[in-house]
Amino acid sequence: AAKWDGWVIGTIYEQQNITLTPAQVVERVTTIRSHRTDDTPFAIAVSGVTAPGNAALPQAYAAVGATWWFETIFASRGSHAEMLARIEAGPPR
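With positions in the sequence shown counted from 1, the corresponding number in the numbering used here is that position plus 51.
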């Protein structure tokens, strides 16, 4: 990841368990940045599950440097109609 423009982190399993906490992301990004040879921007994308209007989790990752949030849509998360409703609700704010 150090030689590219960013890192897309798999931070959630289909069972919706978090695999990397914000603190663990900091550790890994610190390691990656120590191997970078320039100061060009470096994007950090994380994924997870939120309820509409609940931005606590994305904000926790943003606080440690995440620049993108990918809302994860798994079949195990709900019905097709429920997932469409979540998408239509828009990003957590």
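Idealized CB from N, CA, C, for every residue including glycine.
Just to confirm my understanding: we take Ala74, look at its own chain, exclude 5 residues before and 5 after, and list those with CB closer than 8 Å. What are they? Excluding positions up to five away in sequence, the list reads Val115.
Residues near Arg144 in its chain [Cβ-Cβ closer than 8 Å; skip 5 each side]: Around Arg144: Gly104 and Ala106.
Please name the residue, chosen from Ser127, Ala126, Gln110 and Gly129, that lies closest to Trp120 on a Cα-to-Cα basis. Ranked by Cα distance from Trp120, the first of Ser127, Ala126, Gln110 and Gly129 is Gln110.
In angstroms, rounded to a whole number, what distance separates the CA positions of Ser85 and Ser98? Each residue's alpha carbon lies about 24 Å from the other.
Please report whether the beta-carbon of Arg87 lies at a distance below 7 Å from any beta-carbon of chain B. Judged by its chain identifiers, the structure shown contains no chain B, having just a single protein chain.
Under the three-state reduction of DSSP, which class applies to Ser98: helix, strand or coil? In the structure shown, Ser98 sits in a strand (DSSP, three-state: E or B).
Sequence-distant residues of its chain with Cβ nearer than 8 Å to Thr118 (five each side left out): Answer for Thr118: Gly57, Ala94, Ile95 and Ala96, listed in chain order.
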